[in-house]
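Colleague: In order, the protein sequences belong to chains A and B.
The first sequence maps to residues 22 to 365 in the numbering used here.
The second sequence maps to residues 22 to 365 in the numbering used here.
Protein chains: 2
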Amino acid sequence: MYAWRLHASLPKTAQPTGDKVWADVLKWEKVDPPPLPSGYVRVKLRSSALNRRDLWIGLGLYPGIRYPAILGSDGCGEVVEVNHESASKWKGQRVLLNPSLNWGNDERVQSDSYEILGMPSWGTFAEFVDIPVSNLHPVPEHLSDTEAAAVPLAGLTAYRATFTQGHLQSGEKVLIPGIGGGVAVWVLQLAVAAGAEVWVTSSSPHKLEKAQQLGAAGGILYTQADWTTELSRRAGSFHLIVDGVGGEFFPLYQQLIAPGGRIVVYGATRGNPPTLDLRRLFWKQVYIIGSTMGSPSDFHALLRFIQEKKIKPFVETTLPLSALPEALTQLWRGTQIGKIVLNH
Amino acid sequence: MYAWRLHASLPKTAQPTGDKVWADVLKWEKVDPPPLPSGYVRVKLRSSALNRRDLWIGLGLYPGIRYPAILGSDGCGEVVEVNHESASKWKGQRVLLNPSLNWGNDERVQSDSYEILGMPSWGTFAEFVDIPVSNLHPVPEHLSDTEAAAVPLAGLTAYRATFTQGHLQSGEKVLIPGIGGGVAVWVLQLAVAAGAEVWVTSSSPHKLEKAQQLGAAGGILYTQADWTTELSRRAGSFHLIVDGVGGEFFPLYQQLIAPGGRIVVYGATRGNPPTLDLRRLFWKQVYIIGSTMGSPSDFHALLRFIQEKKIKPFVETTLPLSALPEALTQLWRGTQIGKIVLNH
Chain A
22 MYAWRLHASL PKTAQPTGDK VWADVLKWEK VDPPPLPSGY VRVKLRSSAL
72 NRRDLWIGLG LYPGIRYPAI LGSDGCGEVV EVNHESASKW KGQRVLLNPS
122 LNWGNDERVQ SDSYEILGMP SWGTFAEFVD IPVSNLHPVP EHLSDTEAAA
172 VPLAGLTAYR ATFTQGHLQS GEKVLIPGIG GGVAVWVLQL AVAAGAEVWV
222 TSSSPHKLEK AQQLGAAGGI LYTQADWTTE LSRRAGSFHL IVDGVGGEFF
272 PLYQQLIAPG GRIVVYGATR GNPPTLDLRR LFWKQVYIIG STMGSPSDFH
322 ALLRFIQEKK IKPFVETTLP LSALPEALTQ LWRGTQIGKI VLNH
Chain B
22 MYAWRLHASL PKTAQPTGDK VWADVLKWEK VDPPPLPSGY VRVKLRSSAL
72 NRRDLWIGLG LYPGIRYPAI LGSDGCGEVV EVNHESASKW KGQRVLLNPS
122 LNWGNDERVQ SDSYEILGMP SWGTFAEFVD IPVSNLHPVP EHLSDTEAAA
172 VPLAGLTAYR ATFTQGHLQS GEKVLIPGIG GGVAVWVLQL AVAAGAEVWV
222 TSSSPHKLEK AQQLGAAGGI LYTQADWTTE LSRRAGSFHL IVDGVGGEFF
272 PLYQQLIAPG GRIVVYGATR GNPPTLDLRR LFWKQVYIIG STMGSPSDFH
322 ALLRFIQEKK IKPFVETTLP LSALPEALTQ LWRGTQIGKI VLNH
């Protein structure tokens with residue numbers, strides 16, 4: 022089969038603003054997959070989607086990178102090979118892949134052998150991918166292949182952060198800082214569908230507008246002076262903040278959160294906060310809750326919820342698989358808000 | 022009636038190492054209580070106990086101090102005056118006082134009008150105290166007046182932190198940093214009674230020894246180099262950390278906590294941490310949970326638990342009420358681990 026293989030990370034000095042920078046390290050080439058392991062099926066991919074994780078790995082900013090790597094955690098395709106009777110019902114089916122491998126038996130946290138599809142295991146930026154039968158799911162019927170590929174990693178992360186860890190209830194007020202990332206947009210769509218009043222922040226008026234089209238009650242530019250005061254004035258305080266940003270914004274959440282509220286953290290694109298106000302934390306009885314990816318139960322629940330609410334992922338850009346370098350560059354620029362999907 | 026009244030905080034330069042420093046600001050004097058409000062009863066106090074809160078207020082280190090103040094949040098006594106038929110069953114009863122006033126109806130967090138007994142309301146370092154009927158509880162029968170007075174504030178704070186917010190389960194491993202504070206010792210006793218394996222830290226070998234007498238599985242001096250490595254080697258990782266310390270120790274808890282574990286914060290005697298490792302937080306799916314005081318339900322549950330497990334508070338020092346300045350000085354020195362109780 023053919024696949025995009027990453028042979029090294031970009032040099033530290035490289036800015037991936039042009040597609041050309043990837044040419045030396047990321048190559049479309051023939052690879053021979055090992056025989057299908059027992060309990061696995063082979064899926065011919067129809068669509069895959071990008072996540073920031075792919076970019077971080079390409080930039081060498083991810084722990085434990087192994088080369089060569091076939092990236093890609095999101096995929097929708099058709100089962101073309103099975104090697105066990107019990108998996109035969111999947112043969113020829115259109116499937117969506119749960120990118121959580123070896124979660125384990127504890128709903129609270131992933132096991133030590135947990136992996137995300139696409140490094141170190143082979144990912145979806147390829148013609149085929151081999152995956153455990155237990156990671157296969159029927160595609161919700163109202164979704165095209167392109168839309169389906171935009172679901173797995175970001176949808177799963179958002180579902181667990183919002184519901185399993187964040188315990189969102191209908192009618193609650195939610196803040197999503199830094200709308201624009203794939204997970205943040207999914208949190209927005211899920212929370213709106215669950216009947217929450219959702220507010221967002223961004224540095225981009227364009228993204229605020231898009232978020233409101235997706236159902237946000239309002240948004241605020243965090244680049245404006247005293248934005249927290251303005252946000253509190255307009256929205257009041259928040260029962261739930263779902264954050265992938267961190268950094269210097271994180272301490273502000275303790276002002277914006279309602280007493281007894283929850284701050285769920287699934288990422289930290291701006292790094293660690295300069296401090297944590299413990300007195301405010303305990304006096305307001307606030308929860309700060311870590312969340313990453315999701316369990317098999319979370320993935321089931323996500324697909325049920327998408328089906329029930331007829332949610333369609335927000336796909337902003339569709340490109341052919343051959344355009345992966347261009348897609349990575351677009352992701353690095355960070356101007357889009359919806360998912361970037363590759364059609365195979 | 023007579024009461025200890027605080028007329029000002031100690032001057033910033035004063036070190037309360039001797040009893041004399043209190044003479045100018047803390048006075049035993051005659052005060053005339055206002056008429057008993059409707060829904061209140063008057064309790065003649067038999068015993069009261071000190072909490073760090075009393076010291077912080079005396080040192081001017083507490084928000085919103087109003088003078089003159091009658092301090093004291095813990096009290097055990099006898100109901101001597103009621104002004105309503107529905108309260109008449111309490112007349113002459115030995116009672117324990119719940120120091121949480123106006124918690125409100127939300128189990129998750131106290132209301133805006135929440136207060137702790139003893140500033141701004143009159144506290145228990147006095148002959149009598151007036152308190153809402155709903156804050157009265159029968160004293161668990163196995164406790165003397167002296168022992169009972171050591172229960173309320175610290176026991177309530179510990180109960181909520183450990184069970185309501187911390188969700189401690191039998192068989193789990195618990196770490197209590199800085200054993201010696203009243204709440205920390207209560208957490209130790211409650212967690213041991215609940216069937217947990219409890220570890221403690223301190224700078225004092227004497228306190229570690231006392232903690233082991235109270236049922237701790239082991240303890241470690243945080244003054245020794247590389248104490249976290251040694252603690253992990255001996256104890257493994259912790260399902261629950263119940264912390265009133267914070268400061269430079271707080272980031273270490275994220276190494277010591279088990280994946281999916283809970284860090285409950287009820288205080289910050291060493292101030293705020295220099296940072297918070299968000300990546301570790303979300304990857305380990307850790308909870309950081311604020312907790313303060315407790316609801317009426319928490320107080321009920323605490324007394325039931327004490328009764329059922331026949332827990333006796335650890336009273337280390339008993340003094341007469343007249344020795345309040347000496348008791349505050351002893352609390353400031355911080356060498357004792359058990360409660361300081363005043364007999365009236």
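Even for Gly, the Cβ is constructed at its ideal location relative to N, Cα and C.
So histidine 365 of chain B and leucine 66 of chain B are supposed to be a Cβ contact under 8 Å. How far apart are they, rounded?
Modeller: Sure, about 5 Å apart at Cβ, within 8 Å.
Colleague: Using only the alpha-carbon positions, how far apart do glycine 239 of chain B and valine 219 of chain B sit?
Modeller: Near 7 Å, if we compare the C-alpha coordinates of valine 219 of chain B and glycine 239 of chain B.
Colleague: Taking the C-alpha atoms as reference points, what is the distance between phenylalanine 320 of chain A and alanine 217 of chain A?
Modeller: Straight-line Cα distance between these residues: approximately 21 Å.
Colleague: Going along the chain, which residues of the stretch 140–160 of chain A sit with their C-beta nearer than 7 Å to a C-beta in chain B?
Modeller: Residues: none.
Colleague: Using a threshold of 8 Å, state whether the C-beta atoms of glycine 268 of chain B and glycine 292 of chain B are closer than that.
Modeller: Yes, the Cβ-Cβ distance between glycine 268 of chain B and glycine 292 of chain B is below 8 Å.
Colleague: Could you tell me which residues DSSP pairs with arginine 26 of chain A in its beta bridges?
Modeller: DSSP lists A/Lys48 as partners of arginine 26 of chain A.
Colleague: Using 8 Å as the threshold, is the stretch 161–180 of chain A in touch with the stretch 322–340 of chain A, meaning 3 or more CB pairs across them?
Modeller: The stretch 161–180 of chain A is in contact with the stretch 322–340 of chain A.
Colleague: On the CB-based measure, 16 or more other CB atoms within 10 Å of its CB, does glutamate 251 of chain B come out buried or exposed?
Modeller: That one is exposed.
Colleague: Quick check: is the beta carbon of tryptophan 304 of chain A nearer than 8 Å to any beta carbon in chain B?
Modeller: Closer than 8 Å to some Cβ of chain B, the Cβ of tryptophan 304 of chain A qualifies, so yes.
Colleague: Nearest by alpha-carbon distance to serine 42 of chain B: which of B/Lys360, B/Leu345, B/Leu363 and B/Val362 is it?
Modeller: For clarity, residue 42 of chain B is valine in the given sequence; the question names serine instead. Minimum Cα distance to valine 42 of chain B is reached at B/Leu345.
Colleague: Residues of chain A with CB closer than 9 Å to the CB of serine 94 of chain B, please, in chain order.
Modeller: The premise fails here: serine 94 of chain B is roughly 16 Å from chain A at the closest Cβ pair, so nothing lies under 9 Å.
Colleague: If you measure from the beta carbon of asparagine 293 of chain B to each beta carbon in chain A, is any gap under 8 Å?
Modeller: Chain A, which has a Cβ nearer than 8 Å to the Cβ of asparagine 293 of chain B, makes this yes.
Colleague: How about alanine 175 of chain A and isoleucine 91 of chain A: are their beta carbons less than 8 Å apart?
Modeller: Not closer than 8 Å, so no.
Colleague: How should proline 198 of chain A be labelled, buried or exposed, when 16 other C-beta atoms within 10 angstroms of its C-beta is the threshold for buried?
Modeller: Buried, since its Cβ has 16 or more Cβ neighbours within 10 Å.
Colleague: With aspartate 40 of chain B and glutamate 347 of chain B assumed to form a contact (beta carbons below 8 Å), what rounded beta-carbon distance in angstroms separates them?
Modeller: 5 Å between Cβ atoms; contact.
Colleague: Measuring from the CB of lysine 331 of chain A, is there a heavy atom of the ligand FMN at a distance below 7 Å?
Modeller: Absence of the ligand FMN from the depicted structure is noted, as is the absence of any ligand whatsoever, leaving it without description.
Colleague: If you run the structure through DSSP and keep just helix, strand and coil, what is serine 69 of chain B?
Modeller: DSSP places serine 69 of chain B in strand when its eight states are reduced to three.
Colleague: Counting pairs of beta carbons, one from the stretch 279–295 of chain B and one from the stretch 311–319 of chain B, are three or more of them closer than 8 Å?
Modeller: The stretch 279–295 of chain B vs the stretch 311–319 of chain B: in contact.
Colleague: Valine 116 of chain B lies in the alpha helix (DSSP H); which residues open and close that run?
Modeller: Taken as a continuous stretch (DSSP letters only), valine 116 of chain B belongs to no alpha helix (DSSP H), being part of the beta strand (DSSP E) at 115–118.
Colleague: Verify whether the separation of the beta carbon atoms of valine 64 of chain B and phenylalanine 146 of chain B is less than 8 Å.
Modeller: No, the pair does not count as a contact, with Cβ atoms beyond the cut-off.
Colleague: I think leucine 235 of chain A touches glutamine 210 of chain A, with their Cβ atoms under 8 Å apart; what is that distance to the nearest whole Å?
Modeller: That pair is a contact at about 6 Å.
Colleague: Excluding sequence positions up to five away, which residues of its chain have a Cβ less than 7 Å from the Cβ of serine 132 of chain B?
Modeller: Cβ neighbours of serine 132 of chain B beyond the five flanking positions: Asn123, Trp124 and Gly125.
Colleague: Roughly how far, in whole angstroms, is the beta-carbon of serine 94 of chain A from the beta-carbon of isoleucine 137 of chain A, given that I think they are within contact range, below 8 Å?
Modeller: The Cβ separation is near 6 Å, so the contact holds.
Colleague: Rounded to the nearest angstrom, what separates valine 307 of chain A and tryptophan 49 of chain B at their Cα positions?
Modeller: Valine 307 of chain A and tryptophan 49 of chain B: Cα-Cα distance of roughly 40 Å.
Colleague: As a quick exercise: from B/Arg87, B/Ala179 and B/Glu102, pick the residue whose alpha carbon is nearest that of phenylalanine 303 of chain A.
Modeller: Checked all of B/Arg87, B/Ala179 and B/Glu102; the closest Cα to phenylalanine 303 of chain A is B/Ala179.
Colleague: What is the rounded straight-line gap between the Cα of leucine 349 of chain B and the Cα of serine 253 of chain A?
Modeller: Going from the Cα of leucine 349 of chain B to the Cα of serine 253 of chain A covers about 42 Å.
Colleague: For the alpha helix (DSSP H) that contains valine 204 of chain A, what are its first and last residues?
Modeller: 203–214 is the span of the alpha helix (DSSP H), which, as asked, contains valine 204 of chain A.
Colleague: For glutamine 186 of chain A, count the other beta carbons within 10 Å of its own beta carbon; 16 or more makes it buried, fewer makes it exposed. Which is it?
Modeller: Buried, because 16 or more other Cβ atoms sit within 10 Å of the Cβ of glutamine 186 of chain A.
Colleague: Could you tell me the distance, in whole angstroms, from the CA atom of asparagine 156 of chain B to the CA atom of asparagine 119 of chain B?
Modeller: Going from the Cα of asparagine 156 of chain B to the Cα of asparagine 119 of chain B covers about 5 Å.
Colleague: First and last residue of the alpha helix (DSSP H) that includes valine 226 of chain A?
Modeller: A quick correction: the sequence has proline, not valine, at residue 226 of chain A. Where proline 226 of chain A is concerned, the enclosing alpha helix (DSSP H) stretches over 226–234.
Colleague: Throw me the rounded Cβ distance for the valine 62 of chain A and alanine 108 of chain A pair, which I believe falls under 8 Å.
Modeller: Going by Cβ atoms, the distance from valine 62 of chain A to alanine 108 of chain A rounds to 6 Å, so yes, they are a contact pair.
Colleague: Since threonine 339 of chain A is in the beta strand (DSSP E), which residue starts that stretch and which ends it?
Modeller: First-last of the beta strand (DSSP E) with threonine 339 of chain A: 336–341.
Colleague: Residues of chain B with CB under 7 Å from leucine 297 of chain A, in chain order?
Modeller: Those within 7 Å of leucine 297 of chain A in chain B are Asn293, Pro294 and Leu297.
Colleague: Can you tell me whether DSSP reads glycine 176 of chain B as helix, strand or coil?
Modeller: Here glycine 176 of chain B sits in helix by DSSP.
Colleague: Comparing C-alpha positions only, which one of A/Glu128, A/Thr356 and A/Leu164 sits nearest to proline 280 of chain B?
Modeller: The residue with the shortest Cα to Cα distance from proline 280 of chain B is A/Glu128.
Colleague: If the criterion is Cβ atoms closer than 8 Å, does the pair alanine 246 of chain B and valine 221 of chain B meet it?
Modeller: Cβ distance not < 8 Å, so alanine 246 of chain B and valine 221 of chain B don't count as in contact.
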